[in-house]
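Visitor: Heads up: the sequence lines are chains A and B, in that order. Heads up: the first sequence begins at 0 in numbering that gives the first Met the number 0, then just goes up one per residue. Heads up: the second sequence begins at 0 in numbering that gives the first Met the number 0, then just goes up one per residue. Cβ atoms here follow ideal geometry from the backbone N, Cα and C, with glycine treated the same way.
There are 2 protein chains.
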Amino acid sequence: MLSIAQNLDRQDALAALRQQFYLPQGTIYLDGNSLGALPVAAKERAVEVVNQQWGQDLITSWNKHAWIDLPLHCGELIAPLIGAAPGQVICCDSISVNLFKVLSAALQMQKGRSKVITTVDNFPTDIYVIEGLRQQLGEVSCELVLSEESEIETQLDERIAILLLTQVNFRSGRLLDMRRITELAHEKGILVVWDLAHSAGALPVKLDGCNADFAVGCTYKYLNGGPGAPAFIYVAQRHQGEFQQPISGWMGHAAPFSFNSAYAPVPGVKQNLSGTPAVIAMSVLEAALNVWSDVDMLRVRQKSMAMGEFFLECLKACGLDDEFVCVSPDSALERGSQLAFQHQHAYAICQAWIDAGVIADFRAPDLLRVGFTPLYISFEELWQAVNKLKLIMENKEYLRDAYQSIQTVT
Amino acid sequence: MLSIAQNLDRQDALAALRQQFYLPQGTIYLDGNSLGALPVAAKERAVEVVNQQWGQDLITSWNKHAWIDLPLHCGELIAPLIGAAPGQVICCDSISVNLFKVLSAALQMQKGRSKVITTVDNFPTDIYVIEGLRQQLGEVSCELVLSEESEIETQLDERIAILLLTQVNFRSGRLLDMRRITELAHEKGILVVWDLAHSAGALPVKLDGCNADFAVGCTYKYLNGGPGAPAFIYVAQRHQGEFQQPISGWMGHAAPFSFNSAYAPVPGVKQNLSGTPAVIAMSVLEAALNVWSDVDMLRVRQKSMAMGEFFLECLKACGLDDEFVCVSPDSALERGSQLAFQHQHAYAICQAWIDAGVIADFRAPDLLRVGFTPLYISFEELWQAVNKLKLIMENKEYLRDAYQSIQTVT
Numbered sequence: 000m001l002s003i004a005q006n007l008d009r010q011d012a013l014a015a016l017r018q019q020f021y022l023p024q025g026t027i028y029l030d031g032n033s034l035g036a037l038p039v040a041a042k043e044r045a046v047e048v049v050n051q052q053w054g055q056d057l058i059t060s061w062n063k064h065a066w067i068d069l070p071l072h073c074g075e076l077i078a079p080l081i082g083a084a085p086g087q088v089i090c091c092d093s094i095s096v097n098l099f100k101v102l103s104a105a106l107q108m109q110k111g112r113s114k115v116i117t118t119v120d121n122f123p124t125d126i127y128v129i130e131g132l133r134q135q136l137g138e139v140s141c142e143l144v145l146s147e148e149s150e151i152e153t154q155l156d157e158r159i160a161i162l163l164l165t166q167v168n169f170r171s172g173r174l175l176d177m178r179r180i181t182e183l184a185h186e187k188g189i190l191v192v193w194d195l196a197h198s199a200g201a202l203p204v205k206l207d208g209c210n211a212d213f214a215v216g217c218t219y220k221y222l223n224g225g226p227g228a229p230a231f232i233y234v235a236q237r238h239q240g241e242f243q244q245p246i247s248g249w250m251g252h253a254a255p256f257s258f259n260s261a262y263a264p265v266p267g268v269k270q271n272l273s274g275t276p277a278v279i280a281m282s283v284l285e286a287a288l289n290v291w292s293d294v295d296m297l298r299v300r301q302k303s304m305a306m307g308e309f310f311l312e313c314l315k316a317c318g319l320d321d322e323f324v325c326v327s328p329d330s331a332l333e334r335g336s337q338l339a340f341q342h343q344h345a346y347a348i349c350q351a352w353i354d355a356g357v358i359a360d361f362r363a364p365d366l367l368r369v370g371f372t373p374l375y376i377s378f379e380e381l382w383q384a385v386n387k388l389k390l391i392m393e394n395k396e397y398l399r400d401a402y403q404s405i406q407t408v409t
Numbered sequence: 000m001l002s003i004a005q006n007l008d009r010q011d012a013l014a015a016l017r018q019q020f021y022l023p024q025g026t027i028y029l030d031g032n033s034l035g036a037l038p039v040a041a042k043e044r045a046v047e048v049v050n051q052q053w054g055q056d057l058i059t060s061w062n063k064h065a066w067i068d069l070p071l072h073c074g075e076l077i078a079p080l081i082g083a084a085p086g087q088v089i090c091c092d093s094i095s096v097n098l099f100k101v102l103s104a105a106l107q108m109q110k111g112r113s114k115v116i117t118t119v120d121n122f123p124t125d126i127y128v129i130e131g132l133r134q135q136l137g138e139v140s141c142e143l144v145l146s147e148e149s150e151i152e153t154q155l156d157e158r159i160a161i162l163l164l165t166q167v168n169f170r171s172g173r174l175l176d177m178r179r180i181t182e183l184a185h186e187k188g189i190l191v192v193w194d195l196a197h198s199a200g201a202l203p204v205k206l207d208g209c210n211a212d213f214a215v216g217c218t219y220k221y222l223n224g225g226p227g228a229p230a231f232i233y234v235a236q237r238h239q240g241e242f243q244q245p246i247s248g249w250m251g252h253a254a255p256f257s258f259n260s261a262y263a264p265v266p267g268v269k270q271n272l273s274g275t276p277a278v279i280a281m282s283v284l285e286a287a288l289n290v291w292s293d294v295d296m297l298r299v300r301q302k303s304m305a306m307g308e309f310f311l312e313c314l315k316a317c318g319l320d321d322e323f324v325c326v327s328p329d330s331a332l333e334r335g336s337q338l339a340f341q342h343q344h345a346y347a348i349c350q351a352w353i354d355a356g357v358i359a360d361f362r363a364p365d366l367l368r369v370g371f372t373p374l375y376i377s378f379e380e381l382w383q384a385v386n387k388l389k390l391i392m393e394n395k396e397y398l399r400d401a402y403q404s405i406q407t408v409t
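1. Under 6 Å Cβ to Cβ from Tyr262(A), same chain only, skipping five residues before and after it: list those, please.
2. I need the straight-line Cα distance from Lys100(A) to Lys63(A), nearest angstrom please.
3. Ignore the nearest five residues each way along the sequence and tell me which others in Leu132(A)'s own chain have a CB closer than 8 Å to its CB.
4. Expressed to the nearest angstrom, what Euclidean distance is found between the alpha-carbon atoms of Gly251(A) and Ile67(A)?
5. Does the beta-carbon distance from Met306(A) to Cys90(A) come in below 8 Å?
6. Just checking: is the beta-carbon of Leu427(B) within a distance shorter than 8 Å of some beta-carbon in chain A?
7. Consult DSSP for Val324(B) and reduce its assignment to one of helix, strand or coil.
8. Among Ala84(A), Glu393(A), Asp194(A), Phe378(A), which one has its Cα closest to the Cα of Leu1(A)?
9. In the DSSP assignment, find the alpha helix (DSSP H) that holds Lys315(A) and state where it starts and stops.
10. Mind listing, in chain order, the continuous beta strand (DSSP E) runs of no fewer than 3 residues lying wholly within the stretch 68–93 of chain A?
11. Are the C-beta atoms of Ser33(A) and some chain B residue less than 8 Å apart?
12. Out of Val46(B), Lys387(B), Val268(B), which one is the CA nearest neighbour of Val357(B)?
13. Along chain B, which residues have their Cβ under 7 Å away from the Cβ of Gln410(A)?
14. With DSSP run on the structure shown, which of helix, strand or coil describes Val408(B)?
15. Do three or more CB pairs link the stretch 266–279 of chain B to the stretch 65–79 of chain B at distances below 8 Å?
16. Buried or exposed for Gln406(B), going by 16 or more other Cβ atoms inside 10 Å?
17. Could you say if the stretch 214–229 of chain B and the stretch 31–48 of chain B meet the contact criterion of at least three C-beta pairs nearer than 8 Å?
18. Does any CB atom of chain A fall closer than 8 Å to the CB of His252(B)?
19. Between the Cα of Ala363(B) and the Cα atoms of Ala345(B), Gly240(B), Tyr375(B), Ser146(B), which residue gives the shortest distance?
20. Residues in the stretch 94–107 of chain B with C-beta within 7 Å of chain A's C-beta atoms, listed in sequence order?
21. Against chain A, which members of the stretch 266–289 of chain B pass a CB distance test of less than 8 Å?
22. In the stretch 230–295 of chain B, which residue ranges form an unbroken alpha helix (DSSP H) of at least 4 residues, counting only runs that do not cross its ends?
23. When the Cα atoms are used, what is the spatial distance from Gln457(B) to Ser257(B)?
24. Would you mind working out which of Arg178(B), Gln341(B), Lys302(B), Val369(B) sits nearest Arg9(B), comparing C-alpha positions?
25. Under 8 Å, Cβ to Cβ, is there at least one residue of chain A near Thr372(B)?
26. Mind checking the stretch 225–243 of chain A against chain B and listing, in chain order, the residues whose C-beta falls within less than 9 Å of any C-beta there?
27. Decide yes or no for the touch test of the stretch 180–195 of chain A against the stretch 147–159 of chain A: beta carbon pairs closer than 8 Å, at least 3 of them.
28. Counting C-beta neighbours from all protein chains within 10 Å, is the total for Asn6(B) 16 or more, i.e. buried, or is it exposed?
29. Would you mind reading off the limits of the alpha helix (DSSP H) that contains Lys114(B)?
30. Just list the residues that DSSP pairs Val167(A) with in beta bridges.
31. Around the C-beta of Arg112(B), are 16 or more other C-beta atoms found within 10 angstroms, so that it is buried, or is it exposed?
32. Asp212(A): buried (16+ other C-beta within 10 angstroms of its C-beta) or exposed?
33. May I ask which residues mark the beginning and end of the alpha helix (DSSP H) holding Ala45(B)?
34. If you measure beta-carbon to beta-carbon, which residues of the stretch 126–146 of chain B are closer than 7 Å to chain A?
35. Is the CB of Pro245(B) under 8 Å away from at least one CB in chain A?
36. Reducing DSSP to helix, strand and coil, say where Ser103(B) ends up.
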């Protein structure tokens with residue numbers, strides 16, 4: 000398997016991109032789906048924005064270094080990665096806050112309908128935001144409907160206002176068919192909000208091509224924007240006239256520095272800005288996004304799928320495929336850029352793997368989640384990672400941790 | 000005046016703090032009320048959080064470097080500066096977003112009342128957030144009432160749900176009497192939300208002492224947290240049981256990593272967290288807040304008031320006091336840490352002053368705003384700044400700019 004891995008690495012058209020990232024020596028990082036690695040350009044920008052722009056140019060940087068343009072500029076850098084024509088994406092706030100804006104605005108656009116449907120195993124914050132809106136507006140104006148992911152298509156009817164889906168399931172990695180589901184929903188007059196947390200930067204997303212209505216996403220996973228980096232929001236051009244989000248702040252005003260007391264939203268996606276943008280974080284994000292300027296997202300997808308398949312083969316070659324039950328879809332075409340495995344000792348195994356220099360993550364109650372980031376991970380690393388896992392399972396090192404964690408809980 | 004300034008600087012108990020900040024050579028910075036200067040500790044932390052914590056320790060930093068605790072920890076560092084006992088302040092999002100949370104929650108607590116009153120010359124985002132809420136909830140549930148600042152106390156009656164005030168007016172610098180106004184409002188059953196944008200770090204704020212209900216504030220002005228640094232929110236202990244803010248995200252859940260689909264807010268102020276915290280920005284902020292650990296806020300207030308008085312004396316000594324009409328209150332006790340002057344050429348004069356190395360700011364339509372930041376500005380600098388202003392006025396340098404700006408507009 001080692002020679003296969005090395006051969007795949009030699010043929011890898013994205014291999015040179017690794018030079019644009021810092022990665023700790025002796026670590027194999029399979030958790031870029033939680034927090035992307037540090038781009039060299041982002042590290043340099045952090046020093047520049049703090050020392051020079053803040054420290055030396057102070058308040059004049061709003062114009063001198065175009066701080067004021069960062070949210071739209073970052074949005075325009077993300078747009079081609081998610082299949083959006085210009086003028087529809089802006090960076091701001093968090094996914095949770097952006098979901099609140101878009102769900103509230105979309106509910107207003109769907110007069111006479113109050114149901115918001117999502118999947119029961121969606122990422123919790125997506126469900127919580129609907130619950131928060133229901134608590135605020137009342138059950139009559141906002142009703143939460145939870146459906147099994149596999150049954151979502153049969154649940155769509157004319158009483159539903161909004162369908163909120165995460166394109167790639169955060170646990171299983173299942174990739175939903177954005178085009179078909181959006182089309183089905185539109186046939187029933189439903190507006191669709193896509194959460195791209197696990198798809199932006201992981202695979203080609205085609206928001207415009209799928210006739211999407213709205214989307215949100217984060218930039219700290221596959222887009223490598225840094226821990227807690229600002230999120231983004233997409234509002235399709237055709238909705239921008241009617242769309243009005245409720246958290247109206249001065250940065251979303253048509254003339255923020257006129258200091259008028261009457262709110263007049265700036266036309267377009269920019270009205271999603273509320274408060275002062277997070278300049279340091281957004282400047283670092285902008286530098287990180289520039290890594291993508293020459294990256295072909297189809298190549299990223301090809302390598303991502305190949306990595307998933309290769310990882311499964313490595314498990315098989317090491318005789319671990321029976322013990323680790325893969326709960327992700329069988330076909331690489333139906334997965335995002337991750338694999339999830341069920342194991343009763345998943346937590347302890349994950350800890351032992353980290354101790355051995357392989358960072359993956361654990362998702363309660365019993366999933367080991369492995370993420371593939373084609374920009375900076377090699378096939379040889381995957382083989383090494385599985386080998387380390389094999390040693391852990393042979394030596395049952397993890398049982399000590401498992402025992403300790405049981406001791407802690409009880 | 001120079002010798003008076005130098006004498007005041009020699010007696011300045013806060014003078015040594017300047018060593019904890021970077022300030023550009025040859026610049027006198029009188030705009031710390033817009034963006035605070037860069038603390039040495041913040042610069043070092045920026046490198047540490049990006050290079051080491053993100054770059055080397057990656058996802059493990061959430062525990063290893065306690066990223067998960069940053070919002071509460073920063074809140075606890077701010078609490079003593081605003082007179083709040085522990086457990087009532089947390090850092091998150093922007094002022095606009097936090098105002099939305101607190102206004103929505105407070106409206107729910109005030110069943111039967113729908114009016115939200117604020118001042119017509121409040122900072123616009125405060126008014127816009129009320130307008131956004133009105134647009135979302137409807138006029139029946141949220142009605143905006145605008146009052147002149149001078150008449151606010153006579154406008155309070157039992158039909159009003161919430162009084163939203165900025166403690167220090169962003170234009171005039173007028174300092175409102177938090178204790179008296181809060182008491183008057185409470186007599187009518189009104190909940191009060193204080194915006195501390197221009198008071199946190201500028202003067203001793205006594206939220207608990209004034210029996211305040213709620214407050215929001217930013218950290219990028221007098222608290223020197225960096226451009227677009229996270230804001231904070233205060234919820235008085237007695238309201239924390241009933242308070243429920245609508246933007247319910249996973250970080251405000253009682254058990255965020257259990258990934259339950261039912262939202263159960265964590266008890267206390269922490270439920271104000273929505274999405275993933277802005278780690279880089281908040282880590283830099285934490286370092287900046289540590290500057291305050293040994294600072295006596297009464298000393299800050301004394302120096303701030305002395306600086307305002309001294310600046311006015313310098314203007315008089317230079318014969319500029321007639322030309323620059325001070326629109327701030329006469330008494331230093333009724334001002335925050337800034338002065339505002341009306342001048343028909345304020346914009347052009349501000350530009351010429353910046354060209355001469357003095358950074359103040361302009362507020363439309365005709366105000367020159369001068370901020371005093373006792374932690375890093377000296378009396379001698381104030382004297383130098385006014386001298387430069389005198390030269391500008393004598394040479395009428397600003398008229399060239401004024402002429403050019405007229406050319407641009409027409």
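Guide: So, to answer that:
1. On the first sequence, residue 262(A) is found 263 positions in, with the first residue counted as 1. Correct list, in chain order: Ser247.
2. Counting from 1 along the first sequence, the entry for residue 100(A) is found at position 101. Counting from 1 along the first sequence, the entry for residue 63(A) is found at position 64. If you take the alpha carbons of Lys100(A) and Lys63(A), they lie about 31 Å apart.
3. Here the question's residue 132(A) lines up with position 133 in the first sequence. Cβ within range, chain order: Phe99, Leu102, Ser103, Leu106, Val115, Cys141.
4. The residue labelled residue 251(A) in the question sits at position 252 within the first sequence. The residue labelled residue 67(A) in the question sits at position 68 within the first sequence. Roughly 12 Å between the two C-alpha positions.
5. Stepping through the first sequence from its first residue, residue 306(A) is reached at position 307. Stepping through the first sequence from its first residue, residue 90(A) is reached at position 91. Cβ distance not < 8 Å, so Met306(A) and Cys90(A) don't count as in contact.
6. Here chain B comprises residues numbered 0 to 409, so residue 427(B) is not present and cannot be evaluated.
7. Walking along the second sequence from the start, residue 324(B) turns up at place 325. Three-state DSSP puts Val324(B) in a strand.
8. Taking the first residue of the first sequence as position 1, residue 1(A) is located at position 2. Closest by alpha carbon: Phe378(A).
9. Position 316 of the first sequence holds residue 315(A). Here the alpha helix (DSSP H) through Lys315(A) covers 296–316.
10. 88–90
11. In the first sequence, counting from the first residue as 1, residue 33(A) sits at position 34. Chain B contact via Cβ: present.
12. To locate residue 357(B), count along the second sequence from 1; it is residue 358. Per the Cα distances, Lys387(B).
13. Nothing about residue 410(A) can be read from this structure; chain A reaches only from 0 to 409.
14. Reading the second sequence from its first residue, position 409 is the one you call residue 408(B). Confidence at Val408(B) is low in this model, with a pLDDT of 43, below 50, so its placement is unreliable and the value that follows should be read with caution. In this structure, Val408(B) counts as helix in the three-state DSSP scheme.
15. yes
16. The sequence position of residue 406(B) within the second sequence is 407, counting from 1. Any reading at Gln406(B) must be qualified, since the residue scores a pLDDT of 49, below 50, and its modelled position is unreliable; the value itself is stated next. Classification for Gln406(B): exposed.
17. yes
18. Taking the first residue of the second sequence as position 1, residue 252(B) is located at position 253. It does; some Cβ of chain A falls within 8 Å.
19. On the second sequence, residue 363(B) is found 364 positions in, with the first residue counted as 1. Residue Ala345(B) is the option with its Cα nearest to Ala363(B).
20. Ile94, Ser95, Val96, Phe99, Ser103
21. Ser273, Gly274, Thr275, Pro276, Ala277, Val278, Ile279, Ala280, Met281, Val283
22. 278–288
23. Because residue 457(B) is not part of the residues shown, which for chain B are 0 to 409, the question remains open.
24. By one-based count along the second sequence, residue 9(B) stands at place 10. The shortest C-alpha separation from Arg9(B) is found at Lys302(B).
25. Looking up residue 372(B) in the second sequence gives position 373. Output row for Thr372(B): interface = no.
26. Gly225, Pro226, Gly227, Ala228, Pro229, Ala230, Gln243
27. yes
28. In the second sequence, the residue the question calls residue 6(B) occupies position 7. Exposed: under 16 other Cβ atoms inside 10 Å.
29. Counting from 1 along the second sequence, the entry for residue 114(B) is found at position 115. Unbroken run through Lys114(B) is the beta strand (DSSP E), 114–118; no alpha helix (DSSP H).
30. As a working note, residue 167(A) is residue 168 in the first sequence. Beta-bridge pairing links Val167(A) to Leu174(A).
31. The residue labelled residue 112(B) in the question sits at position 113 within the second sequence. When all chains shown are included, Arg112(B) counts as buried.
32. The residue labelled residue 212(A) in the question sits at position 213 within the first sequence. When all chains shown are included, Asp212(A) counts as buried.
33. The residue given as residue 45(B) occupies position 46 in the second sequence. Run containing Ala45(B): 39–46, per the alpha helix (DSSP H) assignment.
34. Ile126, Tyr127, Val128, Glu130, Gly131, Leu132, Gln134, Gln135, Leu145
35. Here residue 245(B) is taken as the residue at index 246 of the second sequence, counted from 1. It does: the Cβ of Pro245(B) has a partner Cβ on chain A nearer than 8 Å.
36. Locating residue 103(B) in the second sequence gives position 104, where the first residue counts as 1. Helix.
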